[in-house]
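The structure under discussion appears below in the form of structure tokens.
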Amino acid sequence: MTRSSRRLVGLVAAATVASTLAACGGGDSGGGGGGSEENEASDVGITEDTIRIGAHYPLTGVAAPGYSEIPTGVQAYFDYVNANGGVNGRQIEWIYRDDAYNPTNTSQVVNQLVLEDEVFAIMGGLGTPTHNAVTDFLNSEGVPDLFVASGSRLWDDVEEKPTTFGWQPDYEIEGKIIGQYVAENFPDAKVGLFLQGDDFGEDGAAGAKQYLEDQIVAEETYVPGNTDVRPQISALQAAGADLVLGFNVPSYTALSQLTALQLGYDPQWFYSNVGSDPALVGSLLARFSEGAVSDASLLDGVLTTEYIPTVDTPDNPWIQLYQRVWEESGQEGELTNYRAYGMSQAYTMVQALQAAGQNPTRDDLVAAVEQAGADWEGPGFAPFRYSEDRHAGYSGMLVSRIAGQGSEELTPVLVTDNGDAEIEEYDGEAATPPESGIPDEEPVN
Amino acid sequence: MREFINLTLGGVITGAVYAAFALALVLIWRSTRIVNFAQGAMAAITTFIALSLIESGQSYWVGLAVALLAGLVLGAVVERLVIRPVEGGPELNAVIVTLGLFIAIQALISVLFGVNQRAFVAPFSTIGFRVGDSSLALSPNTLFTLGAVLLVMVGLTALFRYTRVGLAMRASAFGQEVARLLGVRVGRMLTLGWALAAVVGSLAGMLIAAEVTFVTPTYMDALIVFGFVAAVLGGLDSPVGAVVGGLLLGLLLSYVRGYVGDELVGLAALAVLVVVLLVRPGGLFSTTQTRRA
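Listed in order, the protein sequences are those of chains A and B.
Quick note: the first sequence, position 441, residue 443 per the numbering used here, numbers continuous.
Quick note: the second sequence, position 3, residue 157 per the numbering used here, numbers continuous.
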């Protein structure tokens, strides 16, 4: 096989290689196998020495702050793996495109990734409305659609979406864990809900209501894009809510805090994981701290949840690994929680690729996650729920309180599942990363 | 009761913000008979210029002055270079040009200032006044916003009603040829109209930025729609109508948000628009039937 000459740069050059390969016919070799085989181009997006992974992220627009950092974290980790020999001798090519958090754009860029860039798999496509626009296409094309970066329950649907997998704990189990914590620790609180008006808010509220039905005094929703939340916060205040659960994105954490301050409303706040990144919310609120807001972080004392290590725990071995990886990658900026999230996803992806065998097909990759995923040890506090019947991500998280730029853990890791499943303490040990920083999973076949 | 009071006060504040935007639309409509869809983007770029100054340590007032000045220049330049070639042609041409301008300016903001959300700190405190042991949704900064909007409204009304320049501007918009025959320098009047409208737009951008708290290059988008509805509600011809239309719309939408649900806000605005266009197409404050020269 000859490589076509590299015209232009970067992506274009890479895309050319892939299309040459496709023209040569990426034969189905039956996948898998021991380490002694030769590398071959076993499917679309795989060559003897490369494997191409794609994703869509909001790199511009309202959802860009924070989220646009995730792919840089993924990049750093893949670079690290590549520098150490890649996966089965293949270098990972990471291509991500901007959808500006607009589902119409998502369809377009994912088409591009699959049909022009010819990626082997999609990993970490971000957002519920955005990614939901492309799952049908990806599944009908048979493209593995791994580790969607959203806590919606839509990704756990083996019948309709056999190649799609969730990754983070879904919003319903998060709602349940939050609900139980509040019911046990604030039994007399009047609870108000501040919800994003889509399935993020709905699933979270449904989970919380399993434990808090009697305590909820008000339920307010906002539509992303409407920047005036005074009516909602006024309504929560009027209902006498003294503990507010927020299932909202970070900019609305900042807005709700400022609005509550303006209205002289001071309940106990409890933001779900998505909306609580102290660094991002802090940076949005920083300029206000010079005037009206006192120097202490506005988020001090706010409750939230965690399911992977965060950068405010520099002694955590995963964060130490990520710090090293980030510094070696030489990209601009600091290691943030968003970049740590990207690295955690990239770590899981490398586990999946290793488990899929030396010359995997797309089907092998899906089968590998189903068969081995539940046993993978990684940065997550709780195990994945992957099996042949389930494509749901992490099974649990813990409750913590924000203090300054850091946080303190209030509960052990709690695991549960959707519906009526009990909430239990996780009895496993916290995993530590291997010495090399790179997982070493056995092929499943 | 406290919720009703706060919803009402909140409605007045957002209404004032819609009104500020509607005033700029009215001004351009009165002086050139064009609906300027690029108004929001023009206001956004001048606000970002001001924000950069403020972030670099200048005071809010320096930023405001520079924003207004930038608006004046931008409005005049846009009129001379972009709008003039299509003036006098079919109305649709000018509208399409302003739409294109809207997209181009928004892209320019992203290129110049980046796409990240940035905090915009209001010039006065946004902490609500306290009555007894509860806070009102009324702060020194909202008083500033309201005052600025009312001042502009009075100023524009006076300009059009009592000054020769205002009269000449109205004449130029109403019938270019007639005005020209009577010795009005129509070209200058059109440029002046755009420049003044962009100044008002820049002021609106600054006031709105302080109210929405976090700005991105697209932060005016949501407000453009409501600004248009407010302008149509009050009548595109009347500064007083723009302010009353803005306040009514702000109140209505605030009640809808508080008592019904945030998801119905867009629908409520649409309903207002349809009813006004069906029942009183000229707006609440129209005095005469549509005139054409």
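Yeah, the Cβ is synthetic: ideal placement off N, Cα and C, and Gly gets one too.
Computed from a prediction, not measured in an experiment: that's the story for all the values here.
Secondary structure of Trp169/A, DSSP reduced to three states: As a first step, residue 169/A must be located in the first sequence, where it is residue number 167. Residue state, collapsed to three classes: coil.
Integer-rounded CB distance, given that Leu148/A should sit under 8 Å from Ile124/A: Taking the first residue of the first sequence as position 1, residue 124/A is located at position 122. Taking the first residue of the first sequence as position 1, residue 148/A is located at position 146. Contact flag correct, Cβ pair sits at about 7 Å.
Trp320/A, enclosing alpha helix (DSSP H) - first and last residue: Numbered from its first residue, the first sequence carries residue 320/A at position 318. Counting along the chain, the alpha helix (DSSP H) containing Trp320/A begins and ends at Pro319 to Ser331.
Cβ neighbour criterion (16 or more within 10 Å) applied to Gly28/A: On the first sequence, position 26 is the one that residue 28/A refers to. Residue placement at Gly28/A is flagged as unreliable, the pLDDT there being 39, under the threshold of 50; the coordinate-derived value follows with that caveat. Around the CB of Gly28/A, 16 or more other CB atoms lie within 10 Å, so the residue is classed as buried.
Proximal residues to Val269/B (C-beta, below 8 Å), its chain only, five neighbours per side dropped: Taking the first residue of the second sequence as 1, we reach residue 269/B at position 115. Listed in chain order, the non-local C-beta contacts of Val269/B below 8 Å within the same chain comprise Thr370 and Pro371, local neighbours out to five positions each way being set aside.
CA nearest to the CA of Ala240/A, picked from Pro226/A, Asp230/A, Val184/A and Ala262/A: Taking the first sequence and counting its residues from 1, one reaches residue 240/A at position 238. Comparing Cα positions, the closest option is Ala262/A.
Touch test, the region 300–320 of chain B against the region 356–366 of chain B, Cβ-Cβ under 8 Å, three pairs minimum: Taking 8 Å as the limit for Cβ pairs, the verdict is that the region 356–366 of chain B does touch the region 300–320 of chain B.
Contacts that Ile263/B makes with chain A (C-beta to C-beta distance below 8 Å): Within the second sequence, numbered from 1, the residue matching residue 263/B stands at position 109. Residues of chain A passing the Cβ test: none, with the nearest at roughly 11 Å.
Pair within 7 Å by beta-carbon distance, Leu265/A and Gly194/A: Position 263 of the first sequence holds residue 265/A. Position 192 of the first sequence holds residue 194/A. Taking 7 Å as the cut-off, the Cβ atoms of Leu265/A and Gly194/A do not count as close.
Three-state secondary structure (DSSP) of Ser274/A: Working through the first sequence from its first residue, we reach residue 274/A at position 272. Three-state DSSP puts Ser274/A in coil, outside helix and strand.
CA-to-CA distance, Phe196/A to Lys178/A, given in whole angstroms: Your numbering for residue 178/A matches position 176 in the first sequence. Your numbering for residue 196/A matches position 194 in the first sequence. Going by the C-alpha atoms only, they are around 16 Å apart.
Sequence-distant residues of its chain with Cβ nearer than 8 Å to Gly420/B (five each side left out): Counted from its first residue, the second sequence places residue 420/B at position 266. The answer, listed in chain order, is Val379.
Candidates Thr296/B, Phe274/B, Arg272/B and Thr311/B: closest to Gly282/B by CA position: Within the second sequence, numbered from 1, the residue matching residue 282/B stands at position 128. In terms of Cα proximity to Gly282/B, the closest of Thr296/B, Phe274/B, Arg272/B and Thr311/B is Thr296/B.
Neighbour flag for Thr108/A against chain B, beta carbons, 7 Å: Position 106 of the first sequence, counted from the first residue, corresponds to residue 108/A. Thr108/A has a beta carbon lying at 7 Å or more from every beta carbon in chain B.
Interface partners of Ile281/B on chain A, CB under 8 Å: To locate residue 281/B, count along the second sequence from 1; it is residue 127. Chain A residues near Ile281/B: Leu263, Gln264, Gly266 and Ala294.
For Thr4/A, three-class secondary structure by DSSP: As a first step, residue 4/A must be located in the first sequence, where it is residue number 2. Residue confidence for Thr4/A is low, a pLDDT of 41 falling below 50, so the modelled location carries little weight and cannot support an answer.
Simplified DSSP assignment, three categories, for Gly194/A: Your numbering for residue 194/A matches position 192 in the first sequence. Three-state result, Gly194/A: strand.
Bridge partners - Gln93/A, DSSP secondary structure assignment: Residue numbering aside, residue 93/A sits at position 91 when the first sequence is read from its first letter. Among the bridge pairs identified by DSSP, Gln93/A is matched with Thr52/A.
Per-residue contacts from Gly344/A into chain B (C-beta, under 8 Å): As a first step, residue 344/A is located in the first sequence; it is residue number 342 there, counting from the start. Neighbours of Gly344/A in chain B, taken as residues whose beta carbon is under 8 Å from its own, are absent, since the nearest beta carbon is some 18 Å off.
Integer Cβ distance of Val353/B from Leu222/B, believed to fall under 8 Å: By 1-based counting over the second sequence, the position of residue 353/B is 199. By 1-based counting over the second sequence, the position of residue 222/B is 68. About 5 Å separates the two Cβ atoms, so the contact holds.
Tyr522/A versus Glu40/A: straight-line alpha-carbon distance, rounded: Residue coverage of chain A in this structure runs from 3 to 447, which leaves residue 522/A outside it and unanswerable.
is_contact[Phe267/B, chain A] using C-beta, thresh 7 Å: Walking along the second sequence from the start, residue 267/B turns up at place 113. Any Cβ of chain A closer than 7 Å to the Cβ of Phe267/B would place that residue at the interface, and such an atom is absent.
Chain C contacts from the region 408–430 of chain B (Cβ-Cβ distance under 7 Å): In summary, chain C is missing from the structure at hand, where the protein chains are A and B.
Proximal residues, the region 161–174 of chain B versus chain A, C-beta separation under 7 Å: So the list reads Leu161, Gly164 and Thr168, given in the order they occur along the chain.
Span of the beta strand (DSSP E) around Tyr224/A: Your numbering for residue 224/A matches position 222 in the first sequence. Annotation for Tyr224/A: the continuous beta strand (DSSP E) segment containing it runs Ile218 to Tyr224.
DSSP beta-bridge partners of His58/A: As a first step, residue 58/A must be located in the first sequence, where it is residue number 56. Under DSSP, the beta-bridge partners assigned to His58/A are Arg99/A.
Per-residue DSSP class, three states only, for Ala273/B: Within the second sequence, numbered from 1, the residue matching residue 273/B stands at position 119. Strand.
Interface residues of chain B facing Asp253/A [CB-CB closer than 7 Å]: On the first sequence, position 251 is the one that residue 253/A refers to. In the sequence as displayed, the identity of residue 253/A is Ser instead of Asp. Within chain B, the residues near Ser253/A are Gln271 and Phe368.
Simplified DSSP state of Asp147/A, which is helix, strand or coil: Reading the first sequence from its first residue, position 145 is the one you call residue 147/A. Correct three-state label for Asp147/A: strand.
7 Å Cβ cutoff met for Thr307/A and Asn275/A: The residue you call residue 307/A lines up with position 305 of the first sequence. The residue you call residue 275/A lines up with position 273 of the first sequence. Yes; because the gap between Cβ atoms is below 7 Å, this pair is in contact.
With 16 other Cβ atoms within 10 Å as the buried cut-off, status of Gly68/A: Position 66 of the first sequence, counted from the start, is the residue given in the question as residue 68/A. Classification for Gly68/A: buried.
Nearest-angstrom Cα separation, counted from Gly217/B out to Ile208/B: For this step, residue 208/B is matched to residue 54 along the second sequence. For this step, residue 217/B is matched to residue 63 along the second sequence. Ile208/B and Gly217/B have their C-alpha atoms roughly 6 Å apart.
Proximal residues to Leu310/B (C-beta, below 8 Å), its chain only, five neighbours per side dropped: One-based indexing of the second sequence puts residue 310/B at position 156. Beyond the five residues adjoining it in sequence on each side, Leu310/B comes within less than 8 Å, by CB distance, of Leu177, Val180, Leu181, Val354 and Pro393 in the same chain, given in chain order.
Chain-ordered chain B contacts of Arg289/A [CB-CB under 7 Å]: Reading the first sequence from its first residue, position 287 is the one you call residue 289/A. What Arg289/A touches in chain B: Ala273 and Val275.
Residue from Tyr254/A, Val89/A and Gln114/A whose Cα sits closest to the Cα of Asp100/A: Looking up residue 100/A in the first sequence gives position 98. Of the listed residues, the one whose Cα sits closest to Asp100/A is Gln114/A.
Chain-ordered residues of the region 194–228 of chain B with a beta carbon less than 7 Å from chain A: Taking 7 Å as the upper bound on Cβ-Cβ separation, chain A lies near no residue of the region 194–228 of chain B.
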